[in-house]
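S.K.: Before I ask anything, here is the structure I am working with.
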Amino acid sequence: MHQSGDATKVEAKEWDRESIKAELRRLGYSLARLDRMHDFKPGYFSAVLVQPLPRGEKIIADMLGETPSSIWPDRYGPDGRPLRGRFLPRNDVPQTRDARQVSGAE
Numbered sequence: 002m003h004q005s006g007d008a009t010k011v012e013a014k015e016w017d018r019e020s021i022k023a024e025l026r027r028l029g030y031s032l033a034r035l036d037r038m039h040d041f042k043p044g045y046f047s048a049v050l051v052q053p054l055p056r057g058e059k060i061i062a063d064m065l066g067e068t069p070s071s072i073w074p075d076r077y078g079p080d081g082r083p084l085r086g087r088f089l090p091r092n093d094v095p096q097t098r099d100a101r102q103v104s105g106a107e
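Residue numbers (my numbering): 2 to 107.
Here you go:
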C-alpha cells in the first residue's frame, strides 16, 4: 500500500467567528469578559474577530492554545508575522455597503 507524505499530516482546525466564540465559552470566557480582564474598551475583542488587531489576536490564540496565524491565516504572512495595511482580505465578513455608496450618500 502506498502512503503519501500527506497521510501523517494532522488536519488543521478551521476557525470562524462562531467556533472561536464557542471555544471561548467552553473555557468559561466571553468576549465581553476578555474586554474587562485585559482593560480594553467594550467591544474590542468582538472587533478582533472581524478586523486585524494583532494584540487581541495573540490573547485569544493563547487562550485557545493556538497561534494567531493558525486561527487567522489570511492575516499573517508565511513567516507568521502580521500583515499590515487596511486592505487585508475579509472573507469572513459579508460586504453590505460599497465605499462609493457611503461617500456619495449625501
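In this text, a Cβ means the ideal position worked out from N, Cα and C, and glycines have one as well.
Under the three-state reduction of DSSP, which class applies to residue 30: helix, strand or coil?
M.R.: Three-state DSSP puts residue 30 in coil, outside helix and strand.
S.K.: Since I believe residue 53 is in contact with residue 82 (beta carbons under 8 Å), could you give me their beta-carbon distance rounded to a whole number of angstroms?
M.R.: 12 Å between Cβ atoms; not a contact.
S.K.: Taking C-beta to C-beta, are residue 21 and residue 60 nearer than 8 Å?
M.R.: It is not a contact, given that the beta carbons lie outside the stated cut-off.
S.K.: Using DSSP with H/G/I as helix, E/B as strand and the rest coil, what is residue 108?
M.R.: Residue 108 cannot be examined here, being either before or after the span of the chain that is shown, 2 to 107.
S.K.: Could you check what DSSP says for residue 74 in three-state terms: helix, strand or coil?
M.R.: Note: residue 74 maps to helix in three-state DSSP.
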